[in-house]
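Visitor: Let me begin by handing over the structure; questions about it come next.
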Amino acid sequence: MTGLGPEAWDAVRLSLQVSLVATMASLPLGILVAWALARKSFPGRQVLNAAVHLPLILPPVVTGYLLLVAFGRQGPLGAMLYETFGITLAFRWTGAALAAGIMAFPLMVRAIRLAFEAVDPRLESAAGTLGASKLQVFTTVTLPLVAPGVIAGSILAFAKAMGEFGATITFVSNIPGETQTIPSAIYAFLQVPGGENAALTLVAISVGIALAALALSEWVGARVATRIRGA
Numbered sequence: 001m002t003g004l005g006p007e008a009w010d011a012v013r014l015s016l017q018v019s020l021v022a023t024m025a026s027l028p029l030g031i032l033v034a035w036a037l038a039r040k041s042f043p044g045r046q047v048l049n050a051a052v053h054l055p056l057i058l059p060p061v062v063t064g065y066l067l068l069v070a071f072g073r074q075g076p077l078g079a080m081l082y083e084t085f086g087i088t089l090a091f092r093w094t095g096a097a098l099a100a101g102i103m104a105f106p107l108m109v110r111a112i113r114l115a116f117e118a119v120d121p122r123l124e125s126a127a128g129t130l131g132a133s134k135l136q137v138f139t140t141v142t143l144p145l146v147a148p149g150v151i152a153g154s155i156l157a158f159a160k161a162m163g164e165f166g167a168t169i170t171f172v173s174n175i176p177g178e179t180q181t182i183p184s185a186i187y188a189f190l191q192v193p194g195g196e197n198a199a200l201t202l203v204a205i206s207v208g209i210a211l212a213a214l215a216l217s218e219w220v221g222a223r224v225a226t227r228i229r230g231a
């Protein structure tokens, strides 16, 4: 631990920041998409399902390159964001969060979708017959029942975002203090003589964070399940 310099600790801080922002920003959309895929039949449903899972199939470098083309300063979306709001994503930590969120999104959606599919629709119908609106049924019946799946999906997304490398380094490069996350820092340390110890320490930190996140998800999931059964 003591062998790490400020740049390495910046990578740890930035990884936590990027992963948390990527997870929280994509969670509302992940719940919506998972609900639509689990409960609705509409034209283009299979196209949406394929688009959601595409980052799992494509090489991460390809995803990063597509992000660079689309969200770079000269790209169609990147130019619009810069000219309208003054926002630049390429080679910024916000771009790293975008790349990590996109790569983690399929895992989040899949976990939440399975939770929606496991809910008995008769419970929702019963709430509807008692006078609850569709929004009330969704917020007071459906969401509490799928809460363990939402937690599991969020933890999976967070862990995936923590380990994202290919798309991130292609889209935002490896700039210390700005876009260098733990995987990028490990890669950088392994390219210089004598950097193995620092790389190994970062690996240990990464494993520790992942285990802590897993333990937290199990604890929160158990608390939520207990509360649901008690209700």
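Those letters in the sequence shown? Residues 1 to 231, by the UniProt record's numbering. Where is the CB? At the ideal position from N, CA and C, for every residue including glycine.
Could you work out which residue in T170, S41, R110 and V12 is closest to L56 when comparing CA atoms only?
Guide: Residue 56 sits at position 56 when you count from the first residue of the sequence shown. Cα-wise, what sits closest to L56 is R110.
Visitor: If I measure Cβ to Cβ from V119 and keep anything under 7 Å in the same chain, skipping five residues before and after, which residues do I get?
Guide: By one-based count along the sequence shown, residue 119 stands at place 119. Excluding residues within five positions, the ones whose Cβ falls inside 7 Å are T142, L145 and V146.
Visitor: Considering only C-alpha positions, which residue in the set R92, A22 and R73 is nearest to P176?
Guide: By one-based count along the sequence shown, residue 176 stands at place 176. Out of R92, A22 and R73, R92 has the C-alpha closest to the C-alpha of P176.
Visitor: Just checking my contact of L68 with F189 at CB under 8 Å: how many whole Å lie between their CB atoms?
Guide: One-based indexing of the sequence shown puts residue 68 at position 68. One-based indexing of the sequence shown puts residue 189 at position 189. The pair is not a contact, with the Cβ atoms about 25 Å apart (cut-off 8 Å).
Visitor: Looking only at its own chain, which residues have a Cβ that is under 7 Å from the Cβ of S217, when we skip the five neighbours before and after it?
Guide: Stepping through the sequence shown from its first residue, residue 217 is reached at position 217. If we look at S217 and ignore the five residues flanking it on each side, its Cβ neighbours are I151, A152 and I155.
Visitor: Shortest alpha-carbon distance to P121 belongs to which of F138, F105 and P106?
Guide: For the purposes of this step, residue 121 is identified with residue 121 of the sequence shown, where counting begins at 1. The shortest C-alpha separation from P121 is found at F138.
Visitor: One question on the structure: do M162 and L27 come within less than 9 Å of each other, judged by their Cβ atoms?
Guide: Stepping through the sequence shown from its first residue, residue 162 is reached at position 162. Stepping through the sequence shown from its first residue, residue 27 is reached at position 27. Taking 9 Å as the Cβ cut-off, M162 and L27 do not qualify as a contacting pair.
Visitor: Please report how far the alpha carbon of G195 lies from the alpha carbon of Y82, in whole angstroms.
Guide: On the sequence shown, residue 195 is found 195 positions in, with the first residue counted as 1. On the sequence shown, residue 82 is found 82 positions in, with the first residue counted as 1. So the alpha carbons of these two residues sit roughly 38 Å apart.
Visitor: Taking 9 Å as the threshold (C-beta atoms), are A185 and A8 in contact?
Guide: Here residue 8 is taken as the residue at index 8 of the sequence shown, counted from 1. Here residue 185 is taken as the residue at index 185 of the sequence shown, counted from 1. The answer is yes: Cβ separation under 9 Å.
Visitor: Measure from the alpha carbon of L14 to the alpha carbon of each residue in T179, Y187, P193 and A199, then state which is nearest.
Guide: Translated into the one-based positions of the sequence shown, residue 14 becomes position 14. The candidate whose alpha carbon is nearest that of L14 is T179.
Visitor: If we ignore side chains and look at the alpha-carbon of each, how far apart do I73 and A90 end up?
Guide: The count along the sequence shown starts at 1 and reaches residue 73 at position 73. The count along the sequence shown starts at 1 and reaches residue 90 at position 90. It should be pointed out that residue 73 corresponds to Arg in this sequence rather than to Ile. Looking at the two C-alpha atoms, the distance is approximately 7 Å.
Visitor: If we require 4 or more residues per run, which alpha helix (DSSP H) segments fall completely within the stretch 109-137?
Guide: Listed in chain order, the complete alpha helix (DSSP H) runs (minimum 4 residues) inside the stretch 109-137 are 121-129 and 134-137.
Visitor: Check whether the stretch 33-41 and the stretch 100-116 are in contact - that is, three or more C-beta pairs closer than 8 Å.
Guide: Contact between the stretch 33-41 and the stretch 100-116 is present, because at least three Cβ pairs lie under 8 Å.
Visitor: Indicate whether F158 and A213 have their beta-carbon atoms separated by less than 9 Å.
Guide: In the sequence shown, residue 158 corresponds to position 158, counting from 1. In the sequence shown, residue 213 corresponds to position 213, counting from 1. Taking 9 Å as the Cβ cut-off, F158 and A213 qualify as a contacting pair.
Visitor: Do you know whose CA, among F116, T129 and S173, lies nearest Y65's CA?
Guide: The residue you call residue 65 lines up with position 65 of the sequence shown. Cα-wise, what sits closest to Y65 is S173.
Visitor: Comparing C-alpha positions only, which one of P6, V18, L4 and F42 sits nearest to K160?
Guide: Your numbering for residue 160 matches position 160 in the sequence shown. Comparing Cα positions, the closest option is V18.
Visitor: Counting C-beta neighbours from all protein chains within 10 Å, is the total for W219 16 or more, i.e. buried, or is it exposed?
Guide: As a first step, residue 219 must be located in the sequence shown, where it is residue number 219. It counts as exposed.
Visitor: Taking L54 as the reference, give the member of R223, F85 and I102 with the closest Cα.
Guide: Taking the first residue of the sequence shown as position 1, residue 54 is located at position 54. Nearest of R223, F85 and I102 to L54, Cα basis: I102.
Visitor: Under three-state DSSP, which class holds I87?
Guide: One-based indexing of the sequence shown puts residue 87 at position 87. Of the three classes helix, strand and coil, the one that applies to I87 here is coil, per DSSP.
Visitor: Just to confirm the assignment, what range does the alpha helix (DSSP H) spanning I151 have?
Guide: Numbered from its first residue, the sequence shown carries residue 151 at position 151. Its alpha helix (DSSP H) spans residues L143 to G163.
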